[in-house]
Structures are given as C-alpha cells and as structure tokens.
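Here the structure is laid out as structure tokens; the discussion comes afterwards.
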Amino acid sequence: MANVKVAVRVRPLSKRENAEEGRIIVEVDNKVAKVRNIKVDNRLDGPWDSREKIVAFSFDYCYWSIDPEDPKYASQEVVFQDLGTSVLSGAFKGYNICLFAYGQTGSGKTYTMMGTPASVGLTPRICEGLFSRQDDYSEQPASCRVEVSFLEIYNERVRDLLKQSDHKKPYTLRVREHPETGPYVQGLSQHLVTDYKQVVGLLEEGIAKRITAATHIHDASSRSHAIFTIHYTQAILENNLPSEIASKINLVDLAGSERADPSYCKDRITEGANINKSLVTLGIVISTLAQNSQMFSSCQSINSITSEGDSSPVGSHTTGSVSGTRRQAYIPYRDSILTWLLKDSLGGNSKTIMVATISPASSSYNETMSTLRYASNAKNIINKPRVNEVRPLPRLYYLHIF
Ligand SMILES: Nc1ncnc2c1ncn2[C@@H]1O[C@H](COP(=O)(O)OP(=O)(O)OP(=O)(O)O)[C@@H](O)[C@H]1O
Ligand SMILES: [Mg+2]
Numbered sequence: 001m002a003n004v005k006v007a008v009r010v011r012p013l014s015k016r017e018n019a020e021e022g023r024i025i026v027e028v029d030n031k032v033a034k035v036r037n038i039k040v041d042n043r044l045d046g047p048w049d050s051r052e053k054i055v056a057f058s059f060d061y062c063y064w065s066i067d068p069e070d071p072k073y074a075s076q077e078v079v080f081q082d083l084g085t086s087v088l089s090g091a092f093k094g095y096n097i098c099l100f101a102y103g104q105t106g107s108g109k110t111y112t113m114m115g116t117p118a119s120v121g122l123t124p125r126i127c128e129g130l131f132s133r134q135d136d137y138s139e140q141p142a143s144c145r146v147e148v149s150f151l152e153i154y155n156e157r158v159r160d161l162l163k164q165s166d167h168k169k170p171y172t173l174r175v176r177e178h179p180e181t182g183p184y185v186q187g188l189s190q191h192l193v194t195d196y197k198q199v200v201g202l203l204e205e206g207i208a209k210r211i212t213a214a215t216h217i218h219d220a221s222s223r224s225h226a227i228f229t230i231h232y233t234q235a236i237l238e239n240n241l242p243s244e245i246a247s248k249i250n251l252v253d254l255a256g257s258e259r260a261d262p263s264y265c266k267d268r269i270t271e272g273a274n275i276n277k278s279l280v281t282l283g284i285v286i287s288t289l290a291q292n293s294q295m296f297s298s299c300q301s302i303n304s305i306t307s308e309g310d311s312s313p314v315g316s317h318t319t320g321s322v323s324g325t326r327r328q329a330y331i332p333y334r335d336s337i338l339t340w341l342l343k344d345s346l347g348g349n350s351k352t353i354m355v356a357t358i359s360p361a362s363s364s365y366n367e368t369m370s371t372l373r374y375a376s377n378a379k380n381i382i383n384k385p386r387v388n389e390v391r392p393l394p395r396l397y398y399l400h401i402f
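Start counting the sequence shown at 1; every next residue gets the next number (this note's numbering).
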C-alpha cells in the first residue's frame with residue numbers, strides 16, 4: 001500500500017498580477033506551504049505572527065518557483081529530479097504510475113507537465129529518461145518496448161490527439177471497462193516509439209491539436225484534460241525463463257478550475273461547466289477515498305489492539321471493523337470520464353503523484369486555499385500498487401527477443 005504523494009509548486013507573479021501590484025501571500029518552508037489571509041491582516045508590513053491569519057499545509061514536496069535568483073528556487077530540473085525520477089524508477093520496477101497536475105487556471109499545470117521549448121517540463125524529461133536508462137536502475141531488461149497514446153477529454157468526450165481527424169465521422173471515442181485491466185478507451189491509437197525524438201514529435205503533434213483558448217486570466221488556457229500514456233513493457237529473464245513486466249505511466253495535465261464568468265461566450269461557459277464537472281467529481285472521488293482510507297487505518301489500529309484477526313482490504317465496498325457495521329462509501333468513478341479513466345490511479349493499482357500548482361498572489365487567495373485543501377485530502381488516499389508481471393512469453397517471442 002502507498003499513499004498518494006503530493007507536491008505543491010508556486011509559480012512567479014504573472015504580468016497581470018504584477019500590474020495590479022499583487023502581494024505575495026504564499027511562503028514555502030521546506031515541506032510546508034503557508035498562506036496568509038490579508039483580509040484579516042491589519043498590519044500589512046508586520047511579521048506573520050497571528051495564527052488565524054496564516055494557514056499552514058504540509059506536503060511531500062513544496063517547490064518555490066518564483067525567482068530564479070532565490071537560493072530555494074525550484075527549476076524544472078529540480079522538480080524532475082524529485083518527481084520525474086520517482087516515476088521512472090517505479091516504471092522500471094513494473095508499477096503503474098500516475099502523475100497529475102491540478103490547480104487554478106493559469107497556475108502552471110501545463111508549464112510543469114509539458115514546459116516550454118526553453119524550459120522543458122516533466123513529460124518530455126520522463127520520456128527522455130525512459131530511453132537513456134541510467135545505470136543506477138541496476139537490473140537492465142533484455143529488451144523493452146515503448147508505446148504511447150495521447151488523448152484529451154473535452155466537454156466530457158474523449159478525442160485522440162494523435163489521430164488524423166476525419167471530419168465526416170464524429171470525433172469521439174468510447175470508454176469501456178475490462179474486468180481485469182480496468183477502464184480503457186476503445187480505438188485509441190497506440191504508437192510504438194524507439195527513441196526520444198519520436199516521442200517528442202508525437203507530444204508536439206498532440207499539444208498542437210489540444211484545445212486552448214484565451215480566458216480573462218490566461219491567454220493560452222487548456223480547455224481540456226490531457227492524458228499522455230506510456231506503456232512500458234520489459235522483457236526479462238526470471239529464473240532463466242522469459243517473462244514480461246508491463247507498466248503504464250499516465251501523465252495528466254488537467255484543465256484549470258475556474259468560476260463561470262457571465263462575460264464569456266456560450267462556448268467558454270459550456271466548457272467551464274464540463275471542466276468543472278470532471279474536477280468536481282475528481283474532488284468527490286479524492287475526498288471519499290481519503291475518508292475510506294482514514295476509516296480503514298483507524299479500523300486497522302483498533303483491530304490490531306483488540307485481535308490479531310484479518311482485516312478487509314481498502315477499496316472493497318465494505319470494510320471490517322470492530323462491530324462489523326461500518327461501510328466504506330461508494331466511489332463515483334463513473335460520474336465523469338476523467339475519474340473513470342483514472343480509476344486505477346485513484347485508490348487502485350498505481351503509484352500516484354499529484355502536483356498542485358498555485359499562484360502566490362493575494363488576488364488568488366480563495367483558489368489557492370481551495371487547491372491546497374484539495375491537495376491535503378489527496379495525501380490521505382492509499383493506493384495498492386503491485387508489480388505487473390509476469391506473463392510467460394510464447395516460445396516464438398522468446399526466440400525473437402533473445
Ligand atoms: N514555474 C513557472 N515558472 C515560470 N513561468 C511559469 C511557471 N508556471 C507557469 N508559468 C507561466 O504562467 C503561464 C500560465 O501557466 P500554464 O499555462 O502552465 O497554466 P495552466 O495551469 O496550465 O492554466 P490552464 O488551466 O488555464 O491551462 C504561462 O505563461 C507559463 O509559462
Ligand atoms: Mg494548461
């Protein structure tokens with residue numbers, strides 16, 4: 001079992017926030033992010049000394065990315081060294097991994113996940129790491145296969161970002177659920193890649209097709225949730241027998257959470273409602289899972305005091321308790337396409353990392369607090385990752401590989 005790991009990243013003040021002479025209300029101290037509520041702060045330049053004015057949240061990682069001159073500045077490389085390398089080492093061991101960025105619109109999700117040509121983000125760096133596997137991951141496979149897919153969820157519909165669109169046909173794919181391997185997108189194109197250059201080519205192709213639009217906060221706002229999936233399959237020799245370890249890496253750049261603005265055109269409002277539907281469902285799934293996990297750990301500690309008996313696994317709809325009457329709440333994965341597709345990453349067979357991105361400005365106080373509460377909840381989710389082995393390979397394949 002493994003808790004969802006949560007990182008917070010604070011971006012620089014934007015031009016707009018600078019023009020408004022926005023005050024910085026966020027502070028990062030090692031693994032703690034502190035937010036000051038200036039509405040209750042009368043002494044504007046005084047020290048941060050009142051408890052009501054400051055709320056502190058602790059996370060697995062906190063990144064201060066405001067000023068490159070600052071000694072604690074966290075660059076794209078620093079973020080990769082923590083989060084990207086842990087994605088890679090998990091994938092090399094054969095776990096499913098999910099890394100997703102969540103936060104207010106314009107807070108730095110796409111910057112963190114994709115980056116810019118001058119400042120490459122996590123997704124391309126992880127792909128590069130797959131192909132330049134470091135020596136410190138000692139057991140090298142006999143061979144490996146990398147296949148990628150790239151989809152977006154726009155207005156609760158799934159679109160393939162790597163397929164030529166045929167305008168005559170409706171451009172929507174169906175989500176189905178396999179009894180063993182879980183939810184998947186029917187007909188989503190899979191692309192075999194053999195080097196980093198090919199992956200970057202596909203990433204760029206997909207990013208160019210992804211829907212973005214100008215909003216009042218952000219002129220290149222992602223209007224869809226994007227999932228870049230890497231199927232990484234390693235052929236290994238175990239006890240001199242050929243077998244496979246297959247891991248799936250989901251790299252998710254969500255659309256921003258935002259309030260509906262009446263001055264928007266109808267398209268932006270419809271998009272906003274659908275973006276929020278997925279994000280609201282994600283929030284419900286996260287908080288229900290967190291409650292269930294807490295219930296499970298408190299039942300476990302009571303059980304370990306009262307008896308040495310067995311306990312039910314997390315994720316079953318009913319869990320053991322002292323009286324046997326407490327039930328785990330139902331998780332509404334299927335209420336949105338996003339949560340359905342990420343079912344395994346949330347409470348299932350996956351190691352999962354969430355990056356919560358925030359603005360440091362006072363004008364974003366409410367959104368920042370809501371993102372940090374959301375992220376705090378996610379820390380409590382307990383997943384059940386397992387190494388996805390070992391399918392004996394047919395003899396023909398064995399001869400082909402070795
Ligand atoms: N850590 C950072 N360092 C420098 N610039 C950043 C950082 N994070 C974000 N930015 C800049 O802020 C702007 C908004 O970032 P980004 O597009 O990543 O937001 P987003 O969270 O994806 O927004 P949306 O939800 O609307 O898609 C971009 O111009 C981006 O380059
Ligand atoms: Mg974005």
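We put the CB at the ideal spot given by N, CA and C, even for glycine.
Beta-carbon proximity check, residue i vs residue j, cutoff 8 Å
i	j	result
Lys109	Ala118	no
Tyr63	Ala74	yes
Ile286	Leu241	no
Val175	Leu341	yes
Ile245	Val355	no
Glu147	His225	no
Thr339	Leu282	yes
Ala7	Tyr95	no
Leu412	Leu202	Residue numbering for the chain in the displayed model covers 1 to 402; residue 412 lies beyond these limits and cannot be assessed.
Ser359	Ser107	yes
Thr229	Ser336	no
Ser221	Thr105	yes
Arg9	Thr112	yes
Lys31	Phe59	yes
Ala329	Thr288	yes
Tyr333	Asn37	no
Ile97	Ile249	yes
Leu151	Ile126	no
Inter-residue Cα distance where the pair is residue i and residue j
i	j	result
Leu13	Glu180	46 Å
Asp195	Ile381	35 Å
Ala290	Ile284	10 Å
Val4	Lys351	7 Å
Gln234	Ser143	6 Å
Ile211	Arg223	6 Å
Ser86	Ser362	33 Å
Lys343	Ser257	20 Å
Gln76	Arg11	11 Å
Thr116	Arg327	47 Å
Gly348	Tyr184	15 Å
Asp67	Ile236	45 Å
Arg133	Ser243	20 Å
Thr306	Ser376	Unreliable positioning characterises Thr306 in this predicted model, as indicated by a pLDDT of 49, which lies under 50. A coordinate reading is not provided.
Gln81	Ile227	22 Å
Ile153	Lys379	25 Å
Thr357	Asp253	11 Å
Val199	His178	27 Å
Ile331	Pro385	18 Å
Ala2	Ile353	11 Å
Lys277	Asp29	34 Å
Lys39	Gln164	51 Å
Lys209	Lys53	44 Å
Asp160	Lys72	39 Å
Arg145	Ala33	40 Å
Asn18	Gln186	46 Å
Gly103	Gly182	27 Å
Lys158	Leu99	A small fix is needed here, since residue 158 is Val in this sequence, not Lys. Cα to Cα, Val158 sits roughly 19 Å from Leu99.
Chain B contact for residue i (CB, 8 Å cutoff)
i	result
Phe228	Absent from the structure: chain B. Only one protein chain is present.
Residue i versus the options, residue with shortest Cα-Cα distance
i	options	result
Glu367	His225, Lys15, Pro124 and Val35	Val35
Glu156	Phe150, Gln164, Leu173 and Asn18	Leu173
Glu247	Lys31, Lys39, Phe80 and Glu389	Reading off the sequence shown, one finds Ser at residue 247, where the question assumed Glu. Out of Lys31, Lys39, Phe80 and Glu389, Glu389 has the C-alpha closest to the C-alpha of Ser247.
Gly84	Thr123, Val200, Tyr111 and Asp67	Thr123
Glu27	Thr288, Arg334, Asp70 and Met1	Asp70
Ser293	Asn383, Ser132 and Asn37	Asn383
Glu205	Met114, Lys39 and Ile54	Met114
Gly90	Gly103, Val120, Lys53 and Gly129	Gly129
### Task
Could you say if the stretch 370–380 and the stretch 16–24 meet the contact criterion of at least three C-beta pairs nearer than 8 Å?
Too few Cβ pairs lie closer than 8 Å, so no.
### Query
Going along the chain, which residues put their C-beta within less than 7 Å of some heavy atom in ligand 2?
In chain order, the qualifying residues are Lys109, Thr110, Ser221, Ser222, Asp253, Ala255 and Gly256.
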